[in-house]
Amino acid sequence: MTTGNRNGKSVKIWARIPLDLADALEELAKEGESRTDFIIQALREEAERRRMEKKPASVNKWV
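In full-length UniProt numbering, the protein residues as written are 1 to 63.
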């Protein structure tokens, strides 16, 4: 049984976003894509981009 905003798979997050981003969300979402799907994909991509920024560049000693 779930309690509050968290269950075994996810957490509900509430956020206010600027109107221009809300409008872009409607314009840029693909046919049949929900707002939730769009936001989750954007968060995943941004999280990955930031993880890659933090990783030190690998150095190949044999080059």
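Idealized CB from N, CA, C, for every residue including glycine.
Query: For Arg16, does the three-state DSSP call read helix, strand or coil?; Result: coil
Query: Tell me the residue span of the alpha helix (DSSP H) that contains Lys54.; Result: 35–54
Query: Just to confirm my understanding: we take Leu25, look at its own chain, exclude 5 residues before and 5 after, and list those with CB closer than 7 angstroms. What are they?; Result: Arg35, Phe38
Query: Taking the C-alpha atoms as reference points, what is the distance between Lys12 and Lys55?; Result: 29 angstroms
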